[in-house]
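Asker: Residue numbers 43 to 307, in our numbering, belong to the letters of the sequence shown in order.
Provided herewith is a single structure, encoded as C-alpha cells, for subsequent inquiry.
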Amino acid sequence: MPLSNLVALRIFEGLSIALLAYLVWACVVLPWRRSGALSLDGKFVLGGMAAFVADAFLNCYTYLFAWNANNVNLGVWTAYLPFHNPAASSRYAESLLWGPPMYVYFCAGVAIVGCPAYFALRSRWPRLSNVSLLAIVFVGEFVFDFVVENLAIRLTYGYAYAQTYGPLTLWAGSQFQFPLYEPFLVAALGLLYTWMRLQAIPCGGRSPVERGFDRWSPAMQSTISTLAVIGFCCAATILIYHLPFNWLGIIGTSKAHLPTYMWPG
Numbered sequence: 043m044p045l046s047n048l049v050a051l052r053i054f055e056g057l058s059i060a061l062l063a064y065l066v067w068a069c070v071v072l073p074w075r076r077s078g079a080l081s082l083d084g085k086f087v088l089g090g091m092a093a094f095v096a097d098a099f100l101n102c103y104t105y106l107f108a109w110n111a112n113n114v115n116l117g118v119w120t121a122y123l124p125f126h127n128p129a130a131s132s133r134y135a136e137s138l139l140w141g142p143p144m145y146v147y148f149c150a151g152v153a154i155v156g157c158p159a160y161f162a163l164r165s166r167w168p169r170l171s172n173v174s175l176l177a178i179v180f181v182g183e184f185v186f187d188f189v190v191e192n193l194a195i196r197l198t199y200g201y202a203y204a205q206t207y208g209p210l211t212l213w214a215g216s217q218f219q220f221p222l223y224e225p226f227l228v229a230a231l232g233l234l235y236t237w238m239r240l241q242a243i244p245c246g247g248r249s250p251v252e253r254g255f256d257r258w259s260p261a262m263q264s265t266i267s268t269l270a271v272i273g274f275c276c277a278a279t280i281l282i283y284h285l286p287f288n289w290l291g292i293i294g295t296s297k298a299h300l301p302t303y304m305w306p307g
C-alpha cells in the first residue's frame, strides 16, 4: 500500500474517532450532566453506535464490501450473525476507528444539521411543501455522502465496493467503483433520522417511536424511551440500508479490481 494513502488512512481514522468523541460529549455526556437525562440526539448517537454491530451484514452472504487490512481492526464478527453464509469469508479487517463514527455522523449527524437546514429553507421559501423541503434536504445528504465516501475511497484506500450492480455503478471494474445506490440509501436513512427529529421538536423532544413510554412506571420511563430509539436506529439501519444494499450487491456482476490487502482471508 502506498505510504501516502496509509498516512491518509491514519488521518481519516483520527478525524473519525475525534468526531465521534465530540458527538458523544456534546450529545450524550453534556446533556446528561446538565439534566440527568438523554436528549434525542444523544439517543441517536447511542443508537448509531449500536447499529454498527449490523455492519458485518454487508458481507453476510458474499464479499460485497472490501476492507483494507491496514485498518486498525480486530477482525470481524460476520460468522456469528444470523443468516451468515458459511461459504462466505469471515476473515477481513472491519475498521474499529472510522467504521462506528460513520454510523453516527451519517445518521445522527445529518439529522442535527438537516433540521436547521429544513427550517432555513422553509423560511426562505415558505410556499414550498414539506415534501419539497425534505426532498431538498435529501439531495443535500446524498451529495454529502457521495463526496465524503469518494474522498475516503480514493485518498485512504480504506475500503472499496467489491461487487456492485453494474447499471447503477460509476467507474465500474476499478478499485474505486462506486454504486449510486449507496448515497441514495444513506441519504434515505439520514432523512428518516431528520424527519424523526423534526417530529420531536413540537413534542418536547420526544420522537414518534417513544410515544407511550409514560405508561411505564416513572423509574422505567427513561430506559424504555432510550431503548425505543436505539431499537429504531438498529431496525432502520438494517431495513433501509443493509437489506437493499445486499440485494443489489448480490445480483450485481461488476467486480472491483482490488489490491491484495483488500482480499478476504
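A virtual CB, placed ideally from N, CA and C, is assigned to each residue, including glycine.
Can you tell me whether F30 is helix, strand or coil according to DSSP?
Answerer: The displayed coordinates of the chain run from 43 to 307. Any statement about residue 30 would go beyond what the structure contains.
Asker: Residue ranges of each beta strand (DSSP E) run of no fewer than 3 residues wholly in the stretch 142-207, ordered along the chain?
Answerer: Listed in chain order, the complete beta strand (DSSP E) runs (minimum 3 residues) inside the stretch 142-207 are 201-203.
Asker: Give the straight-line distance between the Cα atoms of R257 and A242, rounded to the nearest whole angstrom.
Answerer: Position 215 of the sequence shown, counting from 1, holds the residue named residue 257. Position 200 of the sequence shown, counting from 1, holds the residue named residue 242. Computed Cα separation, rounded: 18 Å.
Asker: Report the rounded CA-to-CA distance for P301 versus Y223, giving the unit in angstroms.
Answerer: For the purposes of this step, residue 301 is identified with residue 259 of the sequence shown, where counting begins at 1. For the purposes of this step, residue 223 is identified with residue 181 of the sequence shown, where counting begins at 1. Cα-Cα distance, rounded: 24 Å.
Asker: Going by the DSSP bridge assignment, what does W109 pair with across the sheet?
Answerer: Translated into positions along the sequence shown, residue 109 becomes position 67. Answer is Y201, bridged to W109.
Asker: Measure the Cβ-Cβ separation of L233 and L176 and say whether it is below 8 Å.
Answerer: In the sequence shown, residue 233 corresponds to position 191, counting from 1. In the sequence shown, residue 176 corresponds to position 134, counting from 1. It is a contact, given that the beta carbons lie within the stated cut-off.
Asker: At 4 residues or longer, what runs of the alpha helix (DSSP H) sit wholly inside the stretch 45-96?
Answerer: DSSP runs (the alpha helix (DSSP H)) wholly in the stretch 45-96: 45-66, 72-77, 82-93.
Asker: I'd like to confirm the pairing. Which residues does DSSP put opposite N115 in its beta bridges?
Answerer: Walking along the sequence shown from the start, residue 115 turns up at place 73. DSSP output for N115 lists S137 as bridge partner(s).
Asker: State the start and end residues of the unbroken alpha helix (DSSP H) segment that holds P286.
Answerer: The residue given as residue 286 occupies position 244 in the sequence shown. Where P286 is concerned, the enclosing alpha helix (DSSP H) stretches over 285-292.
Asker: Can we say the stretch 115-132 touches the stretch 95-107, given the rule of at least three CB pairs closer than 8 Å?
Answerer: Short answer: they touch.
Asker: Can you check whether the CB of G291 is closer than 8 Å to the CB of T206?
Answerer: Position 164 of the sequence shown, counted from the start, is the residue given in the question as residue 206. Position 249 of the sequence shown, counted from the start, is the residue given in the question as residue 291. Yes, these two residues count as a Cβ contact at 8 Å.
Asker: Based on the DSSP secondary-structure assignment, which residues constitute the bridge partners of F220?
Answerer: Counting from 1 along the sequence shown, the entry for residue 220 is found at position 178. L212.
Asker: Can A50 and Y201 be called in contact, C-beta distance under 8 Å?
Answerer: One-based indexing of the sequence shown puts residue 50 at position 8. One-based indexing of the sequence shown puts residue 201 at position 159. For A50 and Y201, no; Cβs fall outside 8 Å.
Asker: Candidates I154, L106, L231, S137: which alpha carbon is nearest Q219's?
Answerer: Here the question's residue 219 lines up with position 177 in the sequence shown. Closest option to Q219, Cα to Cα, is L106.
Asker: Counting only the same chain and skipping the five closest in sequence on each side, list residues whose C-beta sits under 7 Å from that of W305.
Answerer: Here residue 305 is taken as the residue at index 263 of the sequence shown, counted from 1. Counting only Cβ-Cβ distances below 7 Å, and skipping sequence neighbours, we find nothing.
Asker: Measuring alpha carbon to alpha carbon, tell me which of W237, W67, G117 ends up nearest T136.
Answerer: Counted from its first residue, the sequence shown places residue 136 at position 94. For clarity, residue 136 is Glu in the given sequence; the question names Thr instead. Nearest of W237, W67, G117 to E136, Cα basis: G117.
Asker: Which residues in the same chain have their Cβ closer than 7 Å to the Cβ of L285, if we skip the five residues on either side of it in sequence?
Answerer: In the sequence shown, the residue the question calls residue 285 occupies position 243. Answer for L285: no residue qualifies.
Asker: Assign G273 to buried or exposed, taking buried as 16 or more other Cβ atoms, counted over all protein chains shown, within 10 Å of its Cβ.
Answerer: By 1-based counting over the sequence shown, the position of residue 273 is 231. G273 comes out exposed.
Asker: Rounded to the nearest angstrom, what separates P227 and I195 at their Cα positions?
Answerer: On the sequence shown, residue 227 is found 185 positions in, with the first residue counted as 1. On the sequence shown, residue 195 is found 153 positions in, with the first residue counted as 1. Note on identity: in this sequence residue 227 is Leu, with Pro being the wrong assignment. Roughly 18 Å between the two C-alpha positions.
Asker: Are there three or more Cβ pairs, one per stretch, closer than 8 Å when the stretch 77-87 is compared with the stretch 147-167?
Answerer: The answer is yes - the stretch 147-167 touches the stretch 77-87, with three or more Cβ pairs under 8 Å.
Asker: Nearest to Y235 by CA position, among P221, V251, G246, is which residue?
Answerer: On the sequence shown, position 193 is the one that residue 235 refers to. If we check each option's Cα against that of Y235, V251 comes out closest.
Asker: With DSSP collapsed to three states, give me the class of S131.
Answerer: Position 89 of the sequence shown, counted from the start, is the residue given in the question as residue 131. Residue state, collapsed to three classes: coil.
Asker: Who are the Cβ neighbours of I293 in its own chain at under 8 Å, not counting the five residues just before and after it?
Answerer: In the sequence shown, the residue the question calls residue 293 occupies position 251. Answer for I293: Y207, listed in chain order.
Asker: Roughly how many angstroms separate the alpha carbons of L65 and G56, rounded to a whole number?
Answerer: As a position in the sequence shown, residue 65 is number 23, starting the count at 1. As a position in the sequence shown, residue 56 is number 14, starting the count at 1. Cα-Cα distance, rounded: 14 Å.
Asker: Per DSSP, what are the beta-bridge partners of S296 in this structure?
Answerer: Translated into the one-based positions of the sequence shown, residue 296 becomes position 254. Answer by DSSP bridge pairing, in chain order: T206.
Asker: Here's the rule: buried if 16 or more other CB atoms are within 10 angstroms of the residue's CB, otherwise exposed. What is S249?
Answerer: Here the question's residue 249 lines up with position 207 in the sequence shown. It is buried - the Cβ of S249 has at least 16 other Cβ atoms within 10 Å.
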